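Below is one structure, written out as structure tokens; the observations come after it.
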Amino acid sequence: MKNKKRFLALLAASLLLGLYLATLVFALIDSPFAYMMFKICLYCTIAIPVLIYVMVLVYRQLKEKNREIYGERLDSVIFDVGNVLVDYNWKKYLDSFGYDEKKKEVLANAMFLSPVWQEADRGILTPEELTKEFVKNAPEYEAELRLLYQNPGGTITAFDYAKDWIRSLKKRGIKVYILSNYSKRIFEQTQKELDFLPLVDGSLFSFQCNKIKPDREIYEDLIRTYHINPAHAVFVDDRQDNVDGAKNAGLQALRFTTYPDTSAALERLLMTAGSE
Numbered sequence: 315m316k317n318k319k320r321f322l323a324l325l326a327a328s329l330l331l332g333l334y335l336a337t338l339v340f341a342l343i344d345s346p347f348a349y350m351m352f353k354i355c356l357y358c359t360i361a362i363p364v365l366i367y368v369m370v371l372v373y374r375q376l377k378e379k380n381r382e383i384y385g386e387r388l389d390s391v392i393f394d395v396g397n398v399l400v401d402y403n404w405k406k407y408l409d410s411f412g413y414d415e416k417k418k419e420v421l422a423n424a425m426f427l428s429p430v431w432q433e434a435d436r437g438i439l440t441p442e443e444l445t446k447e448f449v450k451n452a453p454e455y456e457a458e459l460r461l462l463y464q465n466p467g468g469t470i471t472a473f474d475y476a477k478d479w480i481r482s483l484k485k486r487g488i489k490v491y492i493l494s495n496y497s498k499r500i501f502e503q504t505q506k507e508l509d510f511l512p513l514v515d516g517s518l519f520s521f522q523c524n525k526i527k528p529d530r531e532i533y534e535d536l537i538r539t540y541h542i543n544p545a546h547a548v549f550v551d552d553r554q555d556n557v558d559g560a561k562n563a564g565l566q567a568l569r570f571t572t573y574p575d576t577s578a579a580l581e582r583l584l585m586t587a588g589s590e
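So this is what it looks like as structure tokens:
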């Protein structure tokens, strides 16, 4: 806004200076237009500042209206990781073992679809304790479950747009953070896929704080750790329950669908609620 005010002031001053110089020239050459130019200068001296003042008032009112509709100015974006910045696909990983459909269904229910899988994200149980819990769900497939959990990082594949998306936001002065439900074992096995982490301003993974989304506390931990103003930040996640959790913590939030659609929605939000 300061730059816009400065530009308008310089424009008005230049216009008035041009009119005054023209009036002076007409007066020096004793032109019949000199008096008319004098009156024009007089009117413009009054009208131009008034016009600029009105424009500033209208701008402020529109800006305030945008804040009511879209929220405060945004200076921070918080990304989830799985299915936002990387592809999390346990089905593809399970398919790679070549099991028949019946066995895959049993293994999926015993591991990936089990509540125990979320406990892995919480980071309290050790890998061996987690494996034993998976085995309890399907004891007859202990060998297969142990094999599956040796390399759960195989569920993760990098998205090629992740680093460019983060860089584009950073270039505009927007801070970027990570908040993700993520197990320690997968984190350790997917450092290559998480090569965007050095680009961000901060991150919090669920296994590091023993809390998971959509619990309010994990959002508050991130906000407190990095001194984020929730009213000035937007959270992006592919799960609606996590989006709702972010809103409950005072953050603005977008649900991720596809990169083109979500990046466009984020851009609209940044333009309307955001950067001046």
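Add 314 to the 1-based position in the sequence shown for this note's numbering, that's all there is to it.
Each residue gets a CB set at the ideal place from its N, CA and C atoms; glycine is no exception.
Being a predicted model, the structure only gives us computed values, none of them experimental.
Beta carbon of residue i nearer than 7 Å to that of residue j
i: A563; j: Y533; result: yes
i: H541; j: L388; result: no
i: I480; j: V400; result: no
i: G467; j: T440; result: no
i: D435; j: S497; result: yes
i: V430; j: E447; result: yes
i: I492; j: F393; result: yes
i: Y475; j: Y573; result: yes
i: K418; j: L427; result: no
i: A452; j: A424; result: yes
i: S494; j: V395; result: yes
i: D558; j: F570; result: no
For residue i, three-class secondary structure by DSSP
i: E590; result: Reliability of the predicted coordinates at E590 is poor, the pLDDT of 46 falling under 50, and the value obtained from them is presented with this limitation in mind. Three-state DSSP puts E590 in coil, outside helix and strand.
i: I470; result: strand
i: L459; result: helix
i: I492; result: strand
i: V368; result: helix
i: Y402; result: strand
i: T576; result: helix
i: I383; result: For I383, the predicted model reports a pLDDT of 48, less than 50, meaning its position is unreliable; a value from the coordinates is still stated below. Reduced to three states, the DSSP call for I383 is helix.
i: G559; result: helix
i: R436; result: helix
i: R486; result: coil
i: N397; result: coil
i: P429; result: helix
i: S497; result: coil
i: D507; result: The sequence as given places Glu at residue 507; Asp does not occur at that position. In the structure shown, E507 sits in coil (DSSP, three-state: anything other than H, G, I, E or B).
i: Q464; result: coil
i: A452; result: coil
i: N524; result: coil
i: S410; result: coil
i: I537; result: helix
i: I480; result: helix
i: I532; result: helix
i: N423; result: helix
Check: residue i C-beta below 6 Å from any heavy atom of the ligand NAD
i: N562; result: With respect to the ligand NAD, the structure shown offers nothing to examine, as it has no ligands at all.
Residues bridged to residue i [DSSP beta-bridge criterion]
i: F549; result: I392 and A567
i: G516; result: Y491
(request) Could you tell me whether the stretch 515-522 touches the stretch 456-469, using the rule of 3 or more Cβ pairs below 8 Å? (result) no
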